[in-house]
Amino acid sequence: MKKLLMIAAAVLLLIQLNNVSAVAQSCSPPVVELPDASKIIFTPEQEMWLGEAILERSRTTYGIIDDPDLTTYLQGIVDRLARHLPQKGIKFRVYLSDDPRVNASSIAGGVVLINRKLIKFARTEDELAFVVAHELGHGTVRHGAITFSKIFKRLLKVDKLTDRADVINRYNEYLDTWNTKDIGDVRDIDDEQHEADRLGVFAMAAAGYDPGQIQGFWQRFTKAKKKNAFLVFFGGNEAEIRLKAMIDQYKDMPAACREKRSIANIDAFEGWRNRVITFNGFSKTESIPGLISRTVLSPIRSDLTNISFSPNGKYILAQDPSSVTVLSRDPLRVLFQVPVKDARPAQFSADSATFLVVTGSLHYQRWEIASGQSLEDDEVAVPGTVWQSRMSSDGKYLAVFSPVGDLVIYEAASGDELFRKKEFVKMSLTTYWLQERIRDITEADINLIGLKFSPDGRYLFAGTTSAPWTQDASIVVDLDQKKAIPVGDNVKKLIKNSFEFLSSDRLVGRINMENADSGVFSFPEGKRIEQIDLGGFSFTRSSAGNYLVVRPVTGAAVGVFDLRSKKYVFAGKKSALDVYEDLIAAERKNGELALYKLGASEPIASIELPKSNFGLLRTVSFSEDGAMLAASDSSRGAVWSLPSGEASILLRSFYGSFVTSDHLVYADFPRAGDMDRTVAKITPASKSVEPGISFIEDRSRQFGQFFLTKRSMEKEDKRDTMAGDVVLVDPATGAVRFVQSNMELEAKDVVTRKRIWIRQFPNEAPRYGVNSNADTICFVWDADSKATREAVKLRPDLTQKIKGLDEKRGDYYIEVADLASGVTRSYLFIETGNASFEIKDVVASGDYILLSDDNNRILIYSVSNGDLLRRVFGTHAVVNAAAGTVAVENSPGRIAIYDIRTGKELKRLTFKNDVVAMRFSKDGKRFFALAADQTAFVIDPSGSAH
């Protein structure tokens, strides 16, 4: 892939061509020295197959958007540019990506990825065409084919390819073995960028686009990359001079050499660009061949994550993980609901007329409450990596903290930079590495500093938190003046700890970790006005009245502090809560939103909120006949009758579930209040729940009919790091992990409550993967572990297998056992090419064992002989052992069913919403799927019409 990030290097390395005018006058593309054809082992068709394989592997990573309404216009730009490039038998295909960076990339075989953020960042079609043309330049010279030809020759010893299957298999072999051999440099990036720019700018000019617009794009794009210790940097002035020289080569191209563009093209671009920016991915075009039934479930609600009154008290926002519901306060009624994904807490504007919703990828919507209409639906596109961000409540400003330690404020609508504090935090390589690791694991913003706008949007407060790896830094920026202002020492301390605005000139909060030193302080002087004994780490001022919502408080998730009496007047178990005068808005146990008078236990008004999507599901179980479903998220659960979709019984959240053949449900309920943890028997027909035996073990988990408990065999069992844990450091990645040893695993039947087997692991305890639908458990050890060596001693037939491993580092030893008896059915070793890939999950069914790896692949092996049967790109899969097929999800809501033996795709299913659970019936005749919008599907996997 050729990253747009590398254009900077290309521009600086460009040289003046002696035949510039000749090229321009002849309308011919610049002469680029193409590689010797004998050095490329791919025909154009084979290279396109390779590009398709790389695309399939990257679908989830890059968030590929399959929507013809969005890609058709972009493909038109590609085709227009490609007409002016030398034809090499490669058909260019462009795809939109939801990757949150301002970037583009070129894959082998003419596959080009354009990120949505780049389309927002490019202000005209000409700017976008510059980037697209650059990527087409890579494809024209066949840089991808050159690179992979070197890789295949040096690593795989392959110099000839045949059909599509051969190309895909060789690409998989590369993924399996890339870390086994040092094959040296396979790319000359500087030359590649130089060639792509020369061809790209020519194609751009010849297609009728204006190369003069490159400069404005370039200046905005490269500004974030100056003085960055972690990237390649170049001086801005020199880059602009060289870029201008490149553009000048073609500015005098005769009119006859340029296509003409009409005003209609410009208008069409703006309309298309807006559709791309406002795309939300909530609803896809449905295609479900073989559909037997579709059942809309009586909904369960996820807990609310955010409740807030408007400043004037007339409205309430109630937010859960998938929606924001807008209500009027008096009377309490629903006005409208907005679907959201990955959204931060919604904010009212200061005048209460609008509210703002911002996602983690910096897509924002501003809604007018009176009309229920969206006033703005836009993206903020800023160059470079964003570690932290915060948007003002009116949607005008975005504050960003970058990996280089800079604090930057942008105008949200235009993306123009308004303020920059360079090296606001001086970053060390250690801090950078640590924070990037945290971001990779959590997939969330890094909270290294605090960012907060004043309620009126006039000021930005920013400062380092109390993290030990950062130095103290604080700043207050006046957004009217676009400059930092001086503040008192106590204000700086408040920024570092925690604070809230009481008014435009008063702050309340903590200046250190001592509760007694908390208080009210003047702004900007920082003089103490009042002393308050205040705990908690987060504060929210009531819109009216002298109350402060504090999170957390002793013994509760949230408390309401009366600033007049200086005492707490309310405490609640759920963090989502707000106060207006003497009213509290909170969520009831049944999911309703309620209004309470302070001091009262009964609500004065309550309302059921509209249906929203499932939250993160903890467990899903279908009955074998497809007539009953049990499911629970972290808030609530239920058992449904699938023919009707009605909830037979509503329940509190449970961890695991199992539906018997006679439609009883056994579910693992966590401890709640005075009730201990228990596996209860649920009889939906009578709506009864019979608690089982109480227990307190916290290393237990239900898998369908079976309940597994992991215990230490040491006398002292420490909860943080288990007794006997072995600390391992991966020499390649530096990753630290704990391997539990001297453990035992016990299995019980949830129906009979009897122990059915117990197994001890005196050496390293294994990871394990359970397939409760097939009643199998897979134990996984590192191949070079002591536990593996001991297993080999006990089974001589394993000796030859382990000797056959070229490299034991990163390899795995797996035992497949019957979950109902604990008896091991098979033993196999998985070779990973010296840790070229890592296993993320493992399950078995029938004669198939499915491994998901970190290359976005599903690897299917035979349980009986250990042979690798098939590789398929995807993130999640379930196997139909009876039919020898596998269902694979490779992007949200899109599932393909393959024949394992032949690799042929038998059926493709596309759901309107994301699929949150799927499985085959044990007889293989039905495929069950549960969508995020609380709809259940039963499908004939054979494709028969219904």
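All residue numbers for the sequence shown refer to the working numbering, where the first residue is 15 and numbers rise by one.
Backbone N, C-alpha and C define an ideal beta-carbon position, used for all residues, glycine too.
Only residues of its own chain outside the window of five on either side were considered, and among them Ile306, Gly640, Phe934, Val952, Ile953, Asp954, Pro955 have a CB closer than 8 Å to the CB of Arg940, listed in chain order.
Per DSSP, the unbroken beta strand (DSSP E) holding Leu412 starts and ends at 411-415. Contact between Glu760 and Arg767 does not hold, since the beta-carbon distance rounds to 12 Å and is not under 8 Å.
Straight-line spacing of the CA atoms in Leu577 and Arg565 works out to 15 Å. In the three-state DSSP reduction, Lys762 falls in the strand class (E or B). Within the same chain, Cβ atoms closer than 6 Å to the Cβ of Ser336 are found at Ser626, Asn627, the five residues on either side in sequence being excluded. Relative to the Cα of Leu612, the nearest Cα in the group Thr633, Ser646, Ser556, Glu660 belongs to Ser556. Pro538 and Lys435 have their C-alpha atoms spaced approximately 20 Å apart.
By the CB criterion at 9 Å, Ile618 and Leu609 fall inside the cutoff. C-alpha of Leu465 to C-alpha of Ala147: approximately 39 Å in a straight line. Between Val929 and Lys807, the alpha-carbon positions lie close to 45 Å from each other. Between Thr723 and Ser708, the C-beta gap is not smaller than 9 Å, which leaves the two residues out of contact.
Excluding five sequence positions before and after Pro776, the CB atoms of its chain that fall closer than 7 Å to its own CB belong to Asn756, given in chain order. The secondary-structure analysis by DSSP pairs Lys171 with nothing; it has no beta-bridge partner. Shown here for Asp470: same chain residues with a beta carbon closer than 7 Å to its own, the five before and five after excluded, namely Ala364, Ser518 in chain order. The straight-line gap separating the alpha-carbon atoms of Arg97 and Phe369 is approximately 47 Å. A contact between stretches requires three or more CB pairs, one per stretch, nearer than 8 Å, and the stretch 647-661 fails this requirement with the stretch 319-333.
A contact between stretches requires three or more CB pairs, one per stretch, nearer than 8 Å, and the stretch 96-111 fails this requirement with the stretch 175-186. Rounded to whole angstroms, the gap between the alpha carbons of Gln351 and Val340 is 6 Å. The shortest CA-to-CA distance from Tyr378 to any of Asp408, Ala367, Gly398, Gln402 is the one to Asp408.
One thing to note: Ser635 has its Cβ no nearer than 9 Å to the Cβ of Ser675. In this structure, Lys53 lies near Ile160, with their beta-carbon atoms less than 9 Å apart. Cβ contact annotation for Ala910 (same chain, cutoff 6 Å, sequence separation greater than five): Val902, Glu919, Arg922, in chain order. Within the stretch 547-603, the complete beta strand (DSSP E) segments of 3 residues or longer fall at 552-555, 561-565, 572-576, 581-586, 591-594, 597-601, listed in chain order. The DSSP-derived three-state label of Phe283 is helix. Judged by DSSP in its simplified three-state form, Phe362 adopts strand. A distance of 9 Å or more separates the beta carbons of Arg94 and Gly151. In this structure the stretch 289-297 does not touch the stretch 58-74; the number of beta carbon pairs closer than 8 Å is below three.
Secondary structure at Asn288: helix, using DSSP grouped into helix, strand and coil. With a threshold of 16 other beta carbon atoms within 10 Å, Ile383 meets it and is buried. In this structure, Arg275 is the residue among Arg275, Ala950, Ala210, Asn320 with its C-alpha nearest to the C-alpha of Tyr223. With contacts defined as CB atoms closer than 9 Å, Tyr826 and Ala797 qualify as a contacting pair.
Buried is the label assigned to Asn904, since at least 16 other Cβ atoms lie within 10 Å of its Cβ.
A straight-line Cα-Cα distance of about 6 Å links Ser163 and Ile55. In the same chain as Arg602, and ignoring 5 residues on each side of it, the C-beta atoms closer than 6 Å to its own belong to Ala608, in chain order.
Counting every other CB atom within 10 Å of its CB across the protein chains shown gives Thr299 a total below 16, marking it as exposed.
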